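Residue numbers (the working numbering), protein chains in the order written: chain A, 1 to 262; chain B, 263 to 792. All C-beta atoms, glycine included, are put in the ideal place defined by N, C-alpha and C. What you are looking at is a predicted structure, and each value in this text was computed from that prediction instead of being measured. Only one structure is covered here, and it is reproduced in the block below.
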């Protein structure tokens with residue numbers, strides 16, 4: 001039966017897993033939701049380890065927390081951390097309906113699980129068999145025997161699924177290069193030919209005490225030069241203001257002026 | 263109880279001849295992927311088409327051989343409990359469906375391969391990754407890029423469809439569901455014209471399909487919780503072993519699994535995707551989906567209803583009866599208001615799904631054979647019908663609005679006449695396969711469905727009458743009204759497309775005049791192996 005250590009581990013990790021799951025649902029930011037999910041996944045992995053399913057536990061942490069969660073984070077990165085979903089309901093009363101269904105499903109599950117009777121003998125027999133299995137073949141071998149014996153067809157056919165996914169990703173996302181890529185020399189030749197920015201785009205501003213790609217250079221009349229910062233930064237509204245640096249410049253000029261007068 | 267020593271590794275018993283059709287189709291799909299990687303672009307289309315058609319014909323021959331190798335395969339009988347743990351059930355309904363799917367697949371692929379003198383398939387975009395309307399899209403078309411990946415994708419879909427009615431456990435059914443759906447999601451988004459609509463259709467299909475898969479999976483989990491096994495045999499036994507009474511896990515599980523399957527056939531209220539996807543997807547793909555997905559999904563529904571959950575039928579059949587009634591009524595009534603040819607056929611396919619469900623609810627061997635006959639008869643007609651839709655053009659694009667079909671009977675009598683004949687088949691007029699098919703399902707429902715069966719048949723007959731109006735309206739429009747403008751043209755199809763449309767129409771006619779051979783075959787093939 002359940003040992004004390006197992007019970008302690010369960011009562012510490014159980015609430016953590018629930019907390020992670022709730023975080024997934026209620027977190028406002030996508031990254032926080034993903035982290036909540038990762039927490040739940042890791043905790044589940046530990047549960048498997050406690051239940052003597054070493055292989056499954058390790059796989060759970062490797063595959064779900066490692067690979068799948070990374071893919072989630074990649075997606076969030078591609079979509080942009082800042083983008084948040086509209087919380088406006090498009091289907092009227094959807095939230096209430098889903099609430100009712102969730103209550104119903106939870107009631108069903110709790111009701112059914114409540115009917116389960118624990119028979120100490122059967123549980124012990126199951127545990128004995130598990131231990132015997134683990135001792136005789138080992139956890140990994142046991143799973144291998146299932147995969148390559150009983151479930152060999154399901155295992156093999158899944159490959160069709162993976163190949164379809166790879167092929168679909170290529171068809172829908174891979175753009176074949178139709179026109180050859182321009183070399184740097186060709187870009188330079190084109191600039192000269194079109195007589196635009198012949199010397200290249202202006203570099204970002206370099207100031208006495210500040211130097212970064214997000215600070216535009218200043219034109220002779222003191223206006224920021226739009227071309228000197230990357231258009232990506234402009235689109236994201238991440239370009240620094242230059243007023244401060246101009247003030248510093250003026251201050252230094254005034255000091256030099258004062259020094260001369262003395 | 264003392265500790266039991268674990269059994270030694272038990273190898274799965276495999277009857278390779280019984281699964282050869284599946285192996286051929288999946289193998290050809292893999293070869294198709296390699297062709298994409300290694301063969302120069304100019305030759306890909308021809309080679310892919312040859313591989314696809316040849317492999318499907320070969321698979322059909324293999325199916326004929328497999329009829330001698332019926333039984334459970336890919337698994338073993340557990341020594342201690344003598345449970346039969348087999349992944350596949352090669353039996354009459356499975357092989358009948360496989361044969362039908364392979365033949366309909368050949369016709370579908372022939373229509374997909376139509377080039378109208380271009381470099382690649384006319385229905386598919388030159389570059390699926392380019393933004394619609396962008397210079398890159400135009401440049402790709404000019405550079406002669408083609409999306410010949412559609413052929414291996416279609417083969418994968420056909421493989422999954424063949425597997426769908428063949429599987430013997432819920433996990434296998436879920437995998438088959440995904441194997442057949444995933445390529446269809448991709449194919450739906452690859453139309454050459456009106457690409458935004460196509461991509462929207464693809465995304466809608468994908469999202470809703472993912473939800474329905476989730477429903478199916480959740481139902482599987484609940485049923486596993488109930489029976490302690492995912493095998494249909496164990497499931498059926500677990501139901502008959504326990505005392506009668508509503509079991510929360512069983513009812514909810516059965517309901518959720520059925521939701522996943524009914525979504526695929528487009529039954530109301532899980533039909534919302536059908537019109538949008540049928541309209542947005544490339545027309546040959548729509549035809550292929552309408553025929554083959556529906557057949558495969560009904561095969562799976564039959565297996566689940568007659569093998570897996572047969573003993574529990576009184577717990578779920580009321581829900582399916584409601585779905586069948588809703589499907590017939592909504593499909594028939596909404597098809598009246600349609601003005602777009604593809605949407606009209608989509609709603610008509612929803613109504614047809616309702617009629618087939620009536621046959622499923624007969625709970626009898628005759629019900630099985632009538633469903634098998636219906637999906638084959640409907641499949642060949644709908645492939646030919648969508649094949650004809652690809653031919654009618656205006657300004658280069660497909661003319662799918664009904665007003666564009668006005669007066670087509672005068673300018674192009676053969677095309678309009680064929681379409682009119684197929685419309686009569688959908689309506690269920692005698693001398694077409696549609697009549698025999700409807701008669702078969704309704705007769706089965708009246709024969710063994712009891713009072714509910716009779717009520718269902720009455721509703722079905724009323725709904726058929728409503729749909730007759732829809733199809734008659736199209737026929738009248740084509741033959742008895744003046745064309746709105748004369749820029750609508752009909753392209754001359756290649757040999758492949760002509761062959762596909764002709765065969766589809768001929769089978770529609772033949773099954774209406776001499777249906778007995780296929781009815782007999784369906785009868786003989788209607789016995790499930792357990």
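query, result
"Return the residue from the list 215(A), 107(A) and 249(A) that minimises the CA-CA distance to residue 239(A).", "215(A)"
"Indicate whether at least one CB of chain B lies closer than 7 Å to the CB of residue 90(A).", "no"
"Identify the contact partners of residue 175(A) in chain B, using a Cβ-Cβ distance below 8 Å as the criterion.", "389, 391, 392 and 398"
"Distance check for residue 63(A) and residue 139(A), CA to CA, integer angstroms please.", "17 Å"
"For residue 307(B), which residues in the same chain have their Cβ closer than 8 Å to its Cβ, ignoring the five residues on either side in sequence?", "375, 377, 381, 382, 383, 408 and 410"
"For the candidate residues 343(B), 281(B), 313(B) and 373(B), whose alpha-carbon lies nearest to that of residue 333(B)?", "281(B)"
"What residues in the region 29-50 of chain A bring their beta carbon closer than 8 Å to a beta carbon of chain B?", "none"
"If you draw a straight line from the C-alpha of residue 266(B) to the C-alpha of residue 122(A), how long is it?", "No answer about residue 266(B) holds up, because its pLDDT of 46 lies below 50 and its placement is not dependable."
"Run through the DSSP bridge pairs and tell me what residue 275(B) is partnered with.", "337(B)"
"Return the CA-CA distance between residue 529(B) and residue 589(B), expressed in angstroms with no decimal places.", "5 Å"
"To the nearest angstrom, how far is it from the Cα of residue 264(B) to the Cα of residue 124(A)?", "The predicted model places residue 264(B) with a pLDDT of 41, which falls under 50 and marks its position as unreliable, so this point remains unresolved."
"Taking the C-alpha atoms as reference points, what is the distance between residue 147(A) and residue 276(B)?", "15 Å"
"Residue 611(B) to residue 118(A), Cα distance in whole Å?", "50 Å"
"Does the pairing of the region 498-505 of chain B with the region 571-579 of chain B give three or more beta-carbon distances under 8 Å?", "yes"
"Check residue 430(B) in the structure and name its three-state DSSP category.", "coil"
"Give the residues from the region 445-463 of chain B that approach chain A closer than 8 Å (Cβ to any Cβ), ordered along the chain.", "445, 447, 448, 451 and 452"
"Output the boundary residues of the alpha helix (DSSP H) element that contains residue 781(B).", "778-786"
"Helix, strand or coil, according to DSSP, for residue 220(A) in the structure here?", "coil"
"Answer yes or no: does any C-beta atom of chain B fall closer than 7 Å to that of residue 101(A)?", "no"
"Counting only Cβ pairs nearer than 9 Å, list the residues of chain A close to residue 414(B).", "163, 164 and 167"
"Which of the three DSSP states is assigned to residue 143(A) in this structure?", "helix"
"Leaving out five residues on either side along the sequence, give the residues of the same chain with a beta carbon under 7 Å from the beta carbon of residue 293(B).", "313"
"Who are the neighbours of residue 140(A) on chain B, taking C-beta pairs under 9 Å?", "Within 9 Å Cβ-Cβ: nothing; residue 140(A) doesn't reach chain B, min ~13 Å."
"On the DSSP bridge list, what partners appear for residue 135(A)?", "BP columns for residue 135(A) are empty, so no partner."
"Count the other CB atoms, across all protein chains shown, that sit within 10 Å of the CB of residue 578(B); report buried if there are 16 or more and exposed otherwise.", "buried"
"Should the region 61-76 of chain A be regarded as contacting the region 148-156 of chain A, the criterion being three or more beta carbon pairs within less than 8 Å?", "no"
"Count the other CB atoms, across all protein chains shown, that sit within 10 Å of the CB of residue 799(B); report buried if there are 16 or more and exposed otherwise.", "Outside the shown range of chain B (263 to 792) lies residue 799(B), about which nothing can therefore be said."
"Terminal residues of the continuous alpha helix (DSSP H) containing residue 358(B)?", "354-374"
"In this structure, does DSSP put residue 281(B) in helix, strand or coil?", "helix"
"Rounding to the nearest angstrom, what Cα-Cα distance links residue 761(B) and residue 171(A) in this structure?", "29 Å"
"Any beta carbon of chain A sitting closer than 7 Å to that of residue 511(B)?", "yes"
"How would you write the range of the beta strand (DSSP E) that residue 655(B) sits in, first residue to last?", "654-656"
"Judging by CA-CA distance, which residue of 233(A), 236(A), 142(A) and 205(A) is the nearest neighbour of residue 224(A)?", "205(A)"
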